[in-house]
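S.K.:
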Amino acid sequence: MNEWSELLFRTFLFILSLFLVTKLLGKKQISQLTLFEYISGITIGSIAGEAITGLEKNYLQGLTAIVIFGVITFLADYLSLKSKKFRDWVEGKGTVVIKDGKILEDNLKKERYTVDELSSLLRQQNIFNVADVEFALIEPEGRISALLKKENRPLTPKDLQMKMPNEKEPQTVIIDGKILDGELTEAGKGRGWLYSELEKRGVTLDNVFMAQVNSYGELTVDLYDDKIQVPSPAQRPLLLASLKKAQADLEIFSLSTDCEKTKAMYKKNADLLQETINKLSPYLNG
9 MNEWSELLFR TFLFILSLFL VTKLLGKKQI SQLTLFEYIS GITIGSIAGE AITGLEKNYL
69 QGLTAIVIFG VITFLADYLS LKSKKFRDWV EGKGTVVIKD GKILEDNLKK ERYTVDELSS
129 LLRQQNIFNV ADVEFALIEP EGRISALLKK ENRPLTPKDL QMKMPNEKEP QTVIIDGKIL
189 DGELTEAGKG RGWLYSELEK RGVTLDNVFM AQVNSYGELT VDLYDDKIQV PSPAQRPLLL
249 ASLKKAQADL EIFSLSTDCE KTKAMYKKNA DLLQETINKL SPYLNG
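Numbering (the numbering used here), first residue to last: 9 to 294.
Okay, structure coming up:
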């Protein structure tokens, strides 16, 4: 076996050895990396370290080995995209470790995880009671995905059949006391409006560290001087309160009149206004 053949043989041998050892050690040895990326990274670093420190006298051989590792990693990623079977073999599959609130001890041991490590991963997701978990699995990259039982999940507006407004990206319109005209235009506002809003809050432009326009078109301000209390926007709550008052007045008018025609008119408009309030409440609350 000549020098170059030996280099090629050693390279493939070390790739296979590292791959098998890493598979044996389990998923907790890696995080957010595929097995080949993990193996390639540490090995290329070792080869480069040998070449840089002069322990490997033939720099061309060291460079060749690095190129081989890079090409093999590229091919492994390419084949993973093309073949699910290859991807499952190289990168692994998720392993179920909790089902119906019960830990599957055999699967946990298979992945070389202890109960303490599992508990730690669950706590990182604010889950402190295993019995609350409907289903949990260890992903190929070593993290845990958990689904709480239905009765333990937080309520959402959808659960309450509430319609919520679409959120738009807030626009930062002031940074370090300087107005960002592009972002201000993107928010559909002008300098006149901005100066007016700052005046309402009793603050000056040079004291503003950052200001944003939210998806409702309201200005929120953060000042350099944290001792100054800036009032929160109150337009939406005030509008909602005014609508509720108008609806209540219509109800009172309908009850206070003796004319059936007038009573029906007030009641109809009170009901229409109540429907409008119900539709607008998700947008005006807060």
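Think of the CB as a built atom: it goes at the ideal place given N, C-alpha and C, for glycine as much as any other residue.
Just to confirm the assignment: which complete beta strand (DSSP E) runs, minimum length 3, are found wholly within the stretch 135-172?
M.R.: As far as the stretch 135-172 is concerned, its whole beta strand (DSSP E) runs of at least 3 residues are 141-146 and 152-156.
S.K.: With distances taken Cα to Cα, identify the nearest neighbour of F143 among D96, I111, L129 and G198.
M.R.: The option with the nearest alpha carbon to F143 is I111.
S.K.: Just verifying my parser: in three-state terms, what is the DSSP assignment at Q282?
M.R.: If DSSP states are grouped into helix, strand and coil, Q282 belongs with the helices.
S.K.: Taking the beta strand (DSSP E) that K101 falls in, what are its first and last residues?
M.R.: Note, K101: premise wrong, no beta strand (DSSP E); not H, not E.
S.K.: Taking C-beta to C-beta, are Q255 and L213 nearer than 7 Å?
M.R.: Not closer than 7 Å, so no.
S.K.: Name the residue from L248, S262, S91 and Y274 whose alpha carbon lies nearest to the alpha carbon of K287.
M.R.: Minimum Cα distance to K287 is reached at L248.
S.K.: Taking 7 Å as the cut-off, decide whether the C-beta atoms of K216 and I187 are in contact.
M.R.: A quick correction: the sequence has Val, not Lys, at residue 216. Their beta carbons are not under 7 Å apart, which means V216 does not touch I187 by this criterion.
S.K.: Run the CB neighbour count on L221, radius 10 Å, all protein chains shown included, and call it buried at 16 or more, exposed below.
M.R.: The identity of residue 221 in the sequence shown is Val, whereas the question assumes Leu. Buried, by the Cβ-count rule.
S.K.: Tell whether a beta-carbon distance below 7 Å holds between N115 and V123.
M.R.: Their beta carbons are not under 7 Å apart, which means N115 does not touch V123 by this criterion.
S.K.: Taking the Cβ atom as the reference point for each residue, do G102 and L145 lie within a distance shorter than 7 Å?
M.R.: It is a contact, given that the beta carbons lie within the stated cut-off.
S.K.: Buried or exposed for L63, please, with buried defined as at least 16 other CB atoms from any protein chain shown within 10 angstroms of its CB.
M.R.: Note on L63: pLDDT 46, under 50, position unreliable in the model; no value is reported.
S.K.: Is the CB-CB distance between G185 and V141 below 7 Å?
M.R.: Cβ atoms of G185 and V141: not closer than 7 Å.
S.K.: What is the DSSP secondary structure of V123, counted as helix, strand or coil?
M.R.: Helix at V123.
S.K.: If you follow the alpha helix (DSSP H) that T265 is in, where does it begin and where does it stop?
M.R.: First-last for T265: undefined, no H or E at that position.
S.K.: Return helix, strand or coil for L206, following the three-state DSSP convention.
M.R.: Looking at L206 - three-state DSSP - the assignment turns out to be helix.
S.K.: In whole angstroms, give me the CA-to-CA distance for R120 and E99.
M.R.: Those two C-alpha atoms are separated by around 17 Å.
S.K.: Taking only three categories from DSSP, how would you classify K186?
M.R.: Three-state DSSP puts K186 in a strand.
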